[in-house]
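Accompanying notes for the structure given below.
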Ligand code: UTP
């Protein structure tokens with residue numbers, strides 16, 4: 013650990029001496045903790061970081077010019093537009109690799125979830141399903157089921173390891189939650205948690221923000237911090253030891269995420285891709301999602317703010333948006349690609365500016381909870397590695413089947429706990445109806461099947477991922493059954509139905 017004098021002179025050189033303003037007021041314990049935090053900083057890096065952040069915040073967004081083009085058709089697959097046989101081929105290929113222990117999933121769960129605003133990791137959120145399952149539990153059970161299906165198909169005893177990237181905010185509570193819940197039935201040795209780095213939040217004039225008198229305001233370095241975290245924590249070595257070849261990387265907040273989706277894995281492997289992205293059709297030109305496309309011949313995600321309106325509004329002869337490939341943060345990587353990125357490219361990843369409200373201590377020592385943005389957090393994005401891919405593919409999926417993120421607290425117009433819950437219940441209802449069951453209700457005493465779309469939101473129908481994770485096998489259980497809402501199909505009910 014450095015001495016306070018050493019830290020003082022390094023901070024001075026970095027133009028950040030204000031950090032020690034309250035030093036004389038700290039207790040001995042607080043001094044020790046703060047000094048240990050400050051000793052870990054690379055002060056040259058800090059100077060560059062603060063300078064770069066302040067400069068980046070003044071830059072206006074540049075719109076991408078005409079060299080942009082949509083992903084050419086030969087690099088796109090679609091679950092929506094392909095026939096059943098083709099999808100089955102991809103699926104079989106995916107299950108084969110899963111059964112051979114070559115597929116792992118990697119969850120990005122280091123975010124602070126400021127918009128949702130709960131004081132615990134987003135994965136621990138319960139969106140109010142009849143089962144009360146949290147996002148983490150739903151995901152864990154989908155992994156169990158995928159393993160089981162691969163085993164049934166191939167007579168294997170396979171494992172899909174679950175790598176979970178956390179941050180200072182989410183690691184301890186996530187660990188505890190998994191332990192308390194016995195890892196939701198998974199073997200703890202196959203759930204590997206690791207931590208991403210944190211970087212200081214900075215004011216608009218390039219000064220590190222103090223969260224309190226003895227602590228810097230730190231924030232995780234964005235989900236693109238993944239690549240550095242993989243190196244810091246020797247995660248790639250762990251993957252190699254296990255024989256993992258393919259990774260499915262996803263965000264914690266998409267309640268519909270298909271874990272280790274065999275169709276997506278199979279498609280990417282069959283195209284010999286080293287990097288892939290699932291996309292959904294953009295809902296409208298104004299929808300604020302990034303678009304997967306090519307710029308100057310290089311694949312990348314063009315952010316909503318960088319897409320010129322004329323380009324966003326262009327349509328193909330059939331009426332589809334020309335730039336319609338909405339990025340949903342759901343990716344395929346080969347281990348080889350991740351190794352190459354980690355070794356050669358991760359330090360080149362672009363830094364994005366996020367302007368946020370950062371609680372701080374003012375120069376008079378008062379704690380302030382700002383009501384408008386006061387700080388800059390620099391973030392890297394997981395998708396910024398597409399440019400390094402030798403063979404990139406995009407894969408179109410149906411939004412209503414695969415994408416419904418939980419971003420905002422109740423009351424917001426979009427992406428809330430209730431929209432996430434409704435999307436999952438609606439998907440499960442569609443599976444159940446497709447399996448040949450129907451729902452009954454008794455308006456005015458009469459019983460009738462209830463299947464119309466307008467009534468969908470009234471029916472509560474939840475299927476445990478341990479019974480079916482993508483609608484598979486439900487016809488055996490439910491064909492011609494008359495059900496009543498709320499209907500929860502868990503393992504116990506499934507057994508009874510089979511009798
Ligand atoms: P978001 O960009 O939606 O951020 O993250 P967030 O932290 O969840 O929420 P807000 O913006 O503060 O409200 C998309 C995904 O990337 C992960 C998140 O956990 C989520 O799965 N993420 C984000 C990280 O893993 N690390 C980060 O530094 C940031």
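Numbering (the numbering used here), first residue to last: 13 to 511.
By construction, the Cβ of each residue, glycine as well, lies at the ideal position given by its N, Cα and C atoms.
Look at which beta carbons fall closer than 5 Å to any heavy atom of ligand 1; those residues are 120, 121, 122, 123, 124, 125, 126, 127, 232, 234, 235, 263, 264. Here the alpha carbon of residue 133 sits roughly 26 Å from the alpha carbon of residue 500. Cβ contact annotation for residue 143 (same chain, cutoff 8 Å, sequence separation greater than five): 474, 476, 500, 502, in chain order.
Within the region 211-245, the beta strand (DSSP E) runs of at least 3 residues that lie entirely inside it are, in chain order, 222-224, 230-232. Here residue 138 carries a strand assignment [DSSP, helix/strand/coil].
A contact is defined here as three or more CB-CB pairs under 8 Å, and the region 378-394 fails this definition with respect to the region 324-331. Residue pairing by DSSP places residue 110 opposite no residue, since no beta bridge is assigned to it.
As the crow flies, the alpha-carbon of residue 97 is around 10 Å from that of residue 103. For the 7 Å CB-CB criterion, residue 353 and residue 405 do not form a contact. One Cα belongs to residue 287, the other to residue 339, and the distance between them is close to 14 Å. Separation of the CB atoms of residue 19 and residue 50 is rounded to 5 Å, and the pair is thereby assigned contact status at 8 Å. Exclusion of the five residues before and after residue 279 leaves 89, 102, 407 as the residues of its chain whose Cβ lies within less than 6 Å of its Cβ. Excluding sequence positions up to five before and after residue 251, its CB lies within less than 7 Å of the CB of 116, 347, all in the same chain and listed in chain order. Each residue's CA atom was taken as its position, placing residue 393 and residue 314 some 12 Å apart. Residue range 429-446 is occupied by the alpha helix (DSSP H) that includes residue 443, with no beta strand (DSSP E) assigned at that position. Contact between the region 293-303 and the region 314-326 is present: 3 or more CB-CB pairs across the two stretches fall below 8 Å. In this structure residue 262 does not touch residue 256 by the C-beta definition: roughly 16 Å separates them, more than the 8 Å allowed. Measuring C-alpha to C-alpha distances from residue 219 to each of 23, 259, 199, 494 identifies 23 as the nearest. Residue 50 carries a helical assignment under DSSP once its states are collapsed to helix, strand and coil.
Under DSSP, residue 258 forms a beta bridge with 115, 346. Residue 411 and residue 292 have their C-alpha atoms spaced approximately 6 Å apart. Look at residue 251 here: in three-state DSSP terms it is helix.
Within the region 129-198, the beta strand (DSSP E) runs of at least 3 residues that lie entirely inside it are, in chain order, 174-178. Taking the Cα positions, residue 84 is about 55 Å away from residue 14. With respect to the C-alpha of residue 217, the residue from 401, 282, 67 having the closest C-alpha is 67. Each of 442, 391, 54 was checked against the Cα of residue 362, and the nearest Cα belongs to 391. Nearest to residue 52 by C-alpha distance, out of 126, 73, 174, 212, is 212.
According to the DSSP assignment, residue 30 belongs to no alpha helix (DSSP H), since it is labelled neither H nor E. The DSSP-derived three-state label of residue 15 is coil. In the assembly as shown, residue 374 is an exposed residue. Its beta-carbon has fewer than 16 other beta-carbons within 10 Å.
Segment contact: the region 480-495 against the region 157-164, three or more CB-CB distances shorter than 8 Å; contact assigned.
The DSSP-derived three-state label of residue 103 is helix. The DSSP-derived three-state label of residue 389 is strand. In the three-state scheme derived from DSSP, where H, G and I count as helix and E and B as strand, residue 306 is classed as strand.
Burial is judged here by how many other beta carbons sit within 10 angstroms of a residue's own beta carbon; residue 494 has fewer than 16 and is exposed. Leaving aside the five residues that flank residue 491 on each side, the residues in its chain whose CB is nearer than 8 Å to its CB run, in chain order, 447, 448, 449.
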